[in-house]
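Each residue of the sequence shown is one higher than the one before, starting from 1 at the first, in full-length UniProt numbering.
What follows is a set of notes on a single structure, which appears directly below.
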Amino acid sequence: MTMENFLRRKELWQLVEEGIPKLGITPTEAQRKSVAEANLKDLKVPTGFIQKGRETQVYRLQKALYGIKQALRALYNKIEAYFAKERFNRCSSEHTLFTKKIQGNILIVGLYVDDLLFTGNSKHMCEEFKSSMKLEFNMTDLGKMRYFLGVEVVQSNVGIFICQRRYAREILGRFNMTESNSVQNPIVPGTTLSRNEEGASVNATKFKQEIGSLMYLTVTRPNLMYGVSLISRYMANPKESHWAAAKRILRYLKGTIEYGIFYQQGRKAGLTAYSDNNYAGDLDDRRSTYGSVFLIGTGAVSWI
1 MTMENFLRRK
11 ELWQLVEEGI
21 PKLGITPTEA
31 QRKSVAEANL
41 KDLKVPTGFI
51 QKGRETQVYR
61 LQKALYGIKQ
71 ALRALYNKIE
81 AYFAKERFNR
91 CSSEHTLFTK
101 KIQGNILIVG
111 LYVDDLLFTG
121 NSKHMCEEFK
131 SSMKLEFNMT
141 DLGKMRYFLG
151 VEVVQSNVGI
161 FICQRRYARE
171 ILGRFNMTES
181 NSVQNPIVPG
191 TTLSRNEEGA
201 SVNATKFKQE
211 IGSLMYLTVT
221 RPNLMYGVSL
231 ISRYMANPKE
241 SHWAAAKRIL
251 RYLKGTIEYG
261 IFYQQGRKAG
271 LTAYSDNNYA
281 GDLDDRRSTY
291 GSVFLIGTGA
301 VSWI
């Protein structure tokens with residue numbers, strides 16, 4: 001089946017005269033219903049599918065095609081328009097976070113591509129939102145959140161616990177550390193590193209992969225933040241001492257896979273902040289290192 005016949009059969013396009021020049025983009029057959037609900041204007045005919053006498057024509061899309069660059073943007077625009085119609089307010093610093101307030105009640109919605117999470121203090125608002133979304137979009141209610149983007153969520157009558165156990169095991173397996181001996185802390189107290197460490201250089205690509213994996217793990221593991229931030233300074237030219245420090249973090253992870261953050265229900269939810277810094281602690285440029293953590297109740301919500 002030719003590309004033209006495929007698109008015709010799916011009723012996704014029609015040939016029209018080209019207006020403003022567009023970059024050529026090759027569509028794929030792997031469609032997703034959510035993307036197909038968005039609207040796009042046109043698509044330049046991919047190289048190899050241009051027909052004689054139709055060189056100035058483009059595809060006018062009736063629906064978005066999954067796989068083209070503008071598809072997800074078009075989907076976001078459609079969802080954003082829906083939220084605006086329903087009188088949601090978009091967060092100025094997080095454009096995929098929307099809130100709606102009615103007489104002291106609040107509904108909070110977080111969007112990630114075509115997945116969304118929502119919470120609120122009104123059961124009626126939550127149910128009304130679900131019903132409205134199902135009328136507007138082809139969606140499925142998966143119930144309470146249990147696993148999202150590598151984060152495991154356990155909700156109970158006493159509170160909410162979040163962790164990344166599955167992801168942590170994947171990291172240990174990826175870097176051949178599943179059989180390593182665990183240690184009591186992610187970094188030896190008083191450890192100092194610099195760019196001019198003695199010793200041979202190590203594989204920079206693998207070192208960067210480990211840093212990136214550990215950095216995502218700090219989403220639920222603030223106790224890893226300092227160690228990961230420290231070794232991330234040396235990704236340009238990592239030495240054996242830097243690699244040893246990174247492996248120690250993995251060994252600490254081996255013994256603390258079950259660790260996470262617990263948000264206790266019913267506890268006074270006051271905001272508490274802690275911060276600390278050293279003075280000229282960086283051996284390379286004598287800059288100070290700063291760290292802070294913010295807690296609501298006993299659960300950390302922000303840290304650097």
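C-beta atoms are modelled at their ideal positions from N, C-alpha and C, and glycine is treated no differently.
Cβ-based burial, residue i [other Cβ within 10 Å; buried from 16]
i, result
"C163", "buried"
"T47", "exposed"
"T220", "buried"
"Y290", "exposed"
"I231", "buried"
"K85", "exposed"
"Y263", "buried"
"I79", "buried"
"K100", "buried"
"L135", "exposed"
Sub-9 Å separation of residue i and residue j beta-carbons
i, j, result
"A245", "I187", "yes"
"L193", "R251", "no"
"V113", "L72", "yes"
"residue 306", "V154", "Residue 306 falls outside the range modelled here, since the chain spans only 1 to 304, and no answer is possible."
"A168", "L75", "no"
"P238", "V202", "yes"
"G227", "G270", "no"
"M177", "K247", "yes"
"R195", "D284", "yes"
Spatial neighbours of residue i in its chain, beta-carbon cut-off 8 Å, leaving aside the 5 residues before and after
i, result
"M235", "A204, F207, K208, I211"
"A280", "R286, R287, S288"
"N278", "S288, T289"
Proximal residues to residue i (C-beta, below 7 Å), its chain only, five neighbours per side dropped
i, result
"I241", "Residue identity check: residue 241 is Ser in the sequence provided, not Ile. Excluding residues within five positions, the ones whose Cβ falls inside 7 Å are L193, E197, G199."
"L116", "V109, G110"
"S175", "This sequence places Phe at residue 175; Ser is not what is there. Counting only Cβ-Cβ distances below 7 Å, and skipping sequence neighbours, we find E210, L250."
"V151", "I162, Q164, V219, T220"
"T96", "G110, L111, Y112"
"I257", "R165, A168, R169"
"G173", "none"
"N185", "Y252"
Any chain E beta carbon closer than 9 Å to residue i
i, result
"E198", "Protein chains in the displayed structure number just one, and chain E is not present."
Nearest-angstrom beta carbon gap, residue j and residue i [assumed within contact, 8 Å]
i, j, result
"P222", "A273", "Contact doesn't hold; Cβ gap of about 13 Å is too wide."
"S303", "S292", "The question names Ser, yet the displayed sequence has Trp at residue 303. Between S292 and W303 the Cβ distance is about 7 Å, and since that is below 8 Å, they are a contact."
"N105", "S131", "Actually they do not touch by this definition, with Cβ atoms about 16 Å apart."
"K44", "V58", "5 Å"
"G260", "F118", "With 8 Å as the limit, G260 and F118 do not qualify as a contact, their Cβ atoms being about 22 Å apart."
"L126", "L107", "Sequence check: residue 126 is Cys here, not Leu. Yes, C126 and L107 are in contact; Cβ-Cβ is about 7 Å, under 8 Å."
Coil, strand or helix - residue i by DSSP
i, result
"F175", "coil"
"G199", "coil"
"E80", "helix"
"S132", "helix"
"Y259", "coil"
"F207", "helix"
"S292", "strand"
"E240", "helix"
"S229", "helix"
"I249", "helix"
"E55", "coil"
"S111", "The identity of residue 111 in the sequence shown is Leu, whereas the question assumes Ser. Strand, per DSSP."
"S213", "helix"
"E152", "strand"
"N121", "coil"
"S73", "Correcting the residue identity first, residue 73 is Arg in this sequence and not Ser. Reduced to three states, the DSSP call for R73 is helix."
"A269", "coil"
"Y279", "coil"
"N89", "strand"
Close Cβ partners of residue i (< 6 Å) along its chain, the five nearest in sequence each way excluded
i, result
"F98", "F83, F88, R90, V109"
"M139", "M133"
"G266", "none"
"L23", "Confidence at L23 is low in this model, with a pLDDT of 37, below 50, so its placement is unreliable and no value can be given for it."
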